[in-house]
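Asker: Residue numbers (the UniProt record's numbering), protein chains in the order written: chain D, 1 to 344; chain R, 1 to 344.
Glycine included, each C-beta is placed from N, C-alpha and C at the ideal position.
Predicted, not measured: the structure shown is a model, and the values here were computed from it.
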DNA sequence: CGCCAGACTGCAAACGTTTTCATCGTTGCA
DNA sequence: TGCAACGATGAAAACGTTTGCAGTCTGGCG
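The following block contains the structure:
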């Protein structure tokens, strides 16, 4: 029952060997005589010794720790990302230090600094705008390896889906269901490049399909729907028949507010989201959405970071997305829908 | 553009003072002559110096880091707990190291060990069974301060709601709505003492109210509903009219499976959950549930841990729960409901 | 003038490891 | 027999801080 955990040297004294030998018993066991190794290991266990990573990190210069910097865990997408990254890190013998930013670029910087102060060896992070991020500049200047998650960038390694294409696919689905007048609903665009890319994808694909230009409504927060803005959108001269929300949390909030405004989904209006969180599939009606593989985004980002640390450099990855048709999108009855446009 | 970040001594050399003085410039600025302090701080900034916490931790014996050990972040309850704890820790100048256990007591132990190896100064954790947990024993033996979150225990400090009472209150609500034959649905009881306490609460309160003894069905996982078990429950001689699920995720899954079995909620069957995750309020119909203040559980647990570290000892706290009536629970029409039993 | 307090700073020893280099037997082989 | 090579271990110097102690200098006061 050791009051303060024993150190290497205490074990060394007990066993009657040098500290170096004890260290080797844990790190390079094959170097030791079987007998000594056993002797060391047993007394170590008896005294409840575990090597102090602080000392080890200081001397070796490696903390075996990765930093993870995400907007919020309230969005299950990021929670899954963490779990993916954590699992992969664990396999590689790394630990993970998590910090959240609340979509705030100020906190983004201070949190990143804090992680660096702890001497994490690299970072996985999601930033507001990777093309103009003080945090990323700082990381680059300090030669800290990092991999972006969810962000897309042509200057930095990232792991994400192809947000443009994914949003486009959803537009295609909506069009196939007979919708022509679309609206995109998002949070503040400057706090999420994902939302921007998705909006681009929506506009682009709509144009390509010959639909009238979708309108865009920006909500004050990423996950809450403002009733007034919603009302004014729907009372415009040519109101949309389908609302594409930039994430599932927002989509759910929108559906809720629509109910309050007297609109029923999907009878009066179709709604879809993005992320395909597990929850959406259980909603009644189920939420139409585009699935992005968050756990894999986390684990792959971790994988890329690890190989960067291993000196192999890291690629950027666009993982496949998948369209989830759902009950919240209805086919407009008065439109003939070409069979090839149907989704399962 | 420093290739490897400079150290205290480099700054000291640059400025022409001793390392001790540089250290003081950051930790005890009031001890220094204003001029020297300024000189140090500016060159430190110029060279991009930030004190290395590894060295600092080693020497001072304090890492200013807390460990957080939770079952899974896939449950928003725990995600919120993290955010609460993180925020409080940040205020106190602490960082947080998070690890998840997946409800697995094996991983529970190894993850706790890993956190201790990092020399976290204390732990906030949720275990399967606090009354028989090898992990807790180990923590106690090593004199590591810790606070349980969500668990209740008479041997260890904890922060939670009163699960028994909370579950009881929901039973009361159901009874007030005219339900008499209840069923409790949970995951494996041995992996969650919360579920056990809630079941106790249900049985106890039902007995007290003179209801027939509720049946209990255990699902293989905490968040997934097994269709077969559900079917057999509902085809029993006296099927329940209301299902109390031990958490909201499970409740949602149950509602989904019920739909597949042809039951509509709440017309054919009432369903309620526990946790009152934000999401449930947005469901249509909204999910009846018992709210537990997860963010506060996290921040208060952190608070208690901090005061334990400060030597003040830590209390156990039962935070107030709150009943959320919701659309998934219907009043049985053929029952007169006493007005005093109504909930807002 | 002498002395002391106080303000400021430096010296050097830790903290718990890892790792290079050296040491010392032993063994294999010519 | 001599020598190289090898296996097993130790000595000691780092890694970047913090901190008790001691030192220097200044000014104030008797």
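Under three-state DSSP, which class holds residue 275(R)?
Answerer: To locate residue 275(R), count along the second chain from 1; it is residue 275. If DSSP states are grouped into helix, strand and coil, residue 275(R) belongs with the strands.
Asker: Output, in chain order, the set of chain D residues within a Cβ distance shorter than 8 Å of residue 118(R).
Answerer: For the purposes of this step, residue 118(R) is taken as residue 118 along the second chain, with counting starting at 1. In chain order: 53, 54, 65 and 95.
Asker: Helix, strand or coil for residue 171(D)? Go by DSSP, reduced to three states.
Answerer: As a working note, residue 171(D) is residue 171 in the first chain. Note: residue 171(D) maps to helix in three-state DSSP.
Asker: Within the same chain, show all residues whose beta-carbon is closer than 6 Å to that of residue 197(D), passing over the 5 residues directly before and after it, in chain order.
Answerer: In the first chain, the residue the question calls residue 197(D) occupies position 197. 163 and 164.
Asker: Are residue 308(R) and residue 147(R) touching if we call contact CB-CB under 9 Å?
Answerer: Residue mapping note: residue 308(R) aligns to position 308 of the second chain, counting from 1. Residue mapping note: residue 147(R) aligns to position 147 of the second chain, counting from 1. Yes. Within cutoff.
Asker: For residue 354(D), which of 78(D), 119(D), 235(D) and 222(D) has the nearest alpha-carbon?
Answerer: Since the first residue of chain D shown is 1 and the last is 344, residue 354(D) is not available in this structure.
Asker: Taking three-plus beta-carbon pairs below 8 Å as touching, is the segment 89 to 102 of chain R in contact with the segment 53 to 65 of chain R?
Answerer: Yes, since at least three Cβ pairs between the segment 89 to 102 of chain R and the segment 53 to 65 of chain R fall closer than 8 Å, the two stretches touch.
Asker: Return helix, strand or coil for residue 26(R), following the three-state DSSP convention.
Answerer: As a first step, residue 26(R) must be located in the second chain, where it is residue number 26. Helix at residue 26(R).
Asker: Measuring straight from C-alpha to C-alpha, what distance separates residue 145(R) and residue 121(D)?
Answerer: Taking the first residue of the second chain as position 1, residue 145(R) is located at position 145. Taking the first residue of the first chain as position 1, residue 121(D) is located at position 121. Rounded to the nearest angstrom, the two C-alpha atoms are 28 Å apart.
Asker: Cα separation between residue 217(D) and residue 29(R)?
Answerer: In the first chain, counting from the first residue as 1, residue 217(D) sits at position 217. In the second chain, counting from the first residue as 1, residue 29(R) sits at position 29. For residue 217(D) and residue 29(R), the distance between alpha carbons rounds to 50 Å.
Asker: For chain D, check one thing: does any of its Cβ atoms lie closer than 9 Å to the Cβ of residue 114(R)?
Answerer: Locating residue 114(R) in the second chain gives position 114, counting from the first residue. At least one chain D Cβ lies under 9 Å of residue 114(R).
Asker: Can you tell me which of the three DSSP states residue 345(D) falls into?
Answerer: As shown, chain D starts at 1 and ends at 344. That puts residue 345(D) outside it, with no answer to give.
Asker: Could you tell me the distance, in whole angstroms, from the CA atom of residue 10(D) to the CA atom of residue 115(D)?
Answerer: Mapped onto the first chain, residue 10(D) falls at position 10. Mapped onto the first chain, residue 115(D) falls at position 115. C-alpha separation (whole angstroms): 32 Å.
Asker: Taking 8 Å as the threshold, find out whether the segment 189 to 205 of chain D comes into contact with the segment 9 to 24 of chain R through three or more Cβ pairs.
Answerer: Because the criterion of three Cβ pairs below 8 Å is not met, the segment 189 to 205 of chain D and the segment 9 to 24 of chain R do not touch.
Asker: Given a cut-off of 9 Å on the beta-carbon distance, is the pair residue 166(D) and residue 321(D) in contact?
Answerer: Looking up residue 166(D) in the first chain gives position 166. Looking up residue 321(D) in the first chain gives position 321. Cβ distance < 9 Å, so residue 166(D) and residue 321(D) count as in contact.
Asker: Give the range of the alpha helix (DSSP H) segment to which residue 148(R) is assigned.
Answerer: Counted from its first residue, the second chain places residue 148(R) at position 148. Not the alpha helix (DSSP H): residue 148(R) falls in the beta strand (DSSP E), residues 146 to 149.
Asker: Are the segment 199 to 213 of chain D and the segment 176 to 183 of chain D touching by the rule of at least three beta carbon pairs closer than 8 Å?
Answerer: At 8 Å Cβ cutoff, the stretches touch.
Asker: Could you give the C-beta distance for residue 291(D) and residue 276(D), rounded to a whole number, given that I count them as a contact under 8 Å?
Answerer: Position 291 of the first chain, counted from the first residue, corresponds to residue 291(D). Position 276 of the first chain, counted from the first residue, corresponds to residue 276(D). Yes, they are in contact, since the Cβ atoms of residue 291(D) and residue 276(D) sit about 3 Å apart, within 8 Å.
Asker: Could you spell out where the alpha helix (DSSP H) holding residue 215(R) opens and where it closes?
Answerer: Start at 1 with the first residue of the second chain, and residue 215(R) comes out as number 215. First-last for residue 215(R): 215 to 218, but that is the beta strand (DSSP E), not the alpha helix (DSSP H).
Asker: May I ask you to verify whether the segment 70 to 86 of chain D touches the segment 70 to 90 of chain R, counting CB pairs closer than 8 Å and requiring at least 3?
Answerer: With the cut-off at 8 Å, the segment 70 to 86 of chain D and the segment 70 to 90 of chain R touch.
Asker: Strictly below 7 Å CB to CB, what residues from chain R border residue 58(D)?
Answerer: Translated into the one-based positions of the first chain, residue 58(D) becomes position 58. 54, 55 and 58, listed in chain order.
Asker: Give the single residue among 88(R), 117(R) and 201(R) whose Cα lies nearest to the Cα of residue 5(D).
Answerer: If you number the first chain from 1, residue 5(D) lands on position 5. Comparing Cα positions, the closest option is 117(R).
Asker: Can you pull the chain R residues whose beta carbon is under 9 Å from the beta carbon of residue 253(D), in chain order?
Answerer: As a working mapping, residue 253(D) is identified with position 253 in the first chain. Ordered by position in chain R, the residues that pass the 9 Å Cβ test against residue 253(D) are 282.
Asker: Which same chain residues end up closer than 6 Å to residue 39(D) when comparing Cβ atoms and leaving out the 5 residues on each side of it in sequence?
Answerer: Along the first chain, read from residue 1 onward, the residue named residue 39(D) stands at position 39. Contacts found: 15.
Asker: Count the other C-beta atoms from every protein chain shown that fall within 10 angstroms of the C-beta of residue 326(D), then say buried if there are 16 or more, exposed otherwise.
Answerer: In the first chain, residue 326(D) corresponds to position 326, counting from 1. Answer is buried; the Cβ neighbour count reaches 16.
Asker: Give me the DSSP bridge partner(s) of residue 95(R).
Answerer: Start at 1 with the first residue of the second chain, and residue 95(R) comes out as number 95. Looking at the DSSP assignment, residue 95(R) forms a beta bridge with 65(R).
Asker: For a cutoff of 9 Å on Cβ pairs, would you count residue 239(R) as touching chain D?
Answerer: Translated into the one-based positions of the second chain, residue 239(R) becomes position 239. Chain D contact via Cβ: absent.
Asker: Looking only at its chain, what residues have a beta carbon closer than 6 Å to the beta carbon of residue 128(D), apart from the 5 residues adjacent to it on each side?
Answerer: Within the first chain, numbered from 1, the residue matching residue 128(D) stands at position 128. Answer for residue 128(D): 105 and 191, listed in chain order.
Asker: Check each candidate in 249(R), 119(R), 124(R) and 294(R) and name the one with the smallest Cα separation from residue 225(R).
Answerer: For the purposes of this step, residue 225(R) is taken as residue 225 along the second chain, with counting starting at 1. It is 249(R) whose Cα lies nearest to the Cα of residue 225(R).
Asker: Since residue 100(R) meets chain D, which of its residues come closer than 7 Å, beta carbon to beta carbon?
Answerer: Looking up residue 100(R) in the second chain gives position 100. Within chain D, the residues near residue 100(R) are 83 and 86.
Asker: Alpha carbon to alpha carbon, what distance is there between residue 298(R) and residue 171(D)?
Answerer: Looking up residue 171(D) in the first chain gives position 171. Looking up residue 298(R) in the second chain gives position 298. Answer to the nearest angstrom: the Cα atoms are 41 Å apart.
Asker: Alpha helix (DSSP H) containing residue 351(D): first to last residue?
Answerer: Given a span of 1 to 344 for chain D in the structure shown, any question on residue 351(D) remains unanswerable.
Asker: Give the interface partners of residue 256(D) over in chain R, defined as CB-CB distance under 9 Å, in chain order.
Answerer: Translated into the one-based positions of the first chain, residue 256(D) becomes position 256. The answer, in chain order, is 281, 282, 283, 284 and 286.
Asker: Using a Cβ-Cβ distance under 9 Å, would residue 5(D) count as near chain R?
Answerer: Here residue 5(D) refers to the residue found at position 5 of the first chain. Yes, residue 5(D) counts as interfacial toward chain R.
Asker: Counting only beta-carbon atoms, is residue 73(D) nearer than 9 Å to chain R?
Answerer: Within the first chain, numbered from 1, the residue matching residue 73(D) stands at position 73. For residue 73(D), the answer is yes, since a Cβ of chain R falls inside 9 Å of its Cβ.
Asker: Name the residues in the segment 216 to 237 of chain D whose C-beta lies less than 9 Å from a C-beta of chain R; which are they?
Answerer: If the cut-off is 9 Å between Cβ atoms, the segment 216 to 237 of chain D has 223 near chain R.
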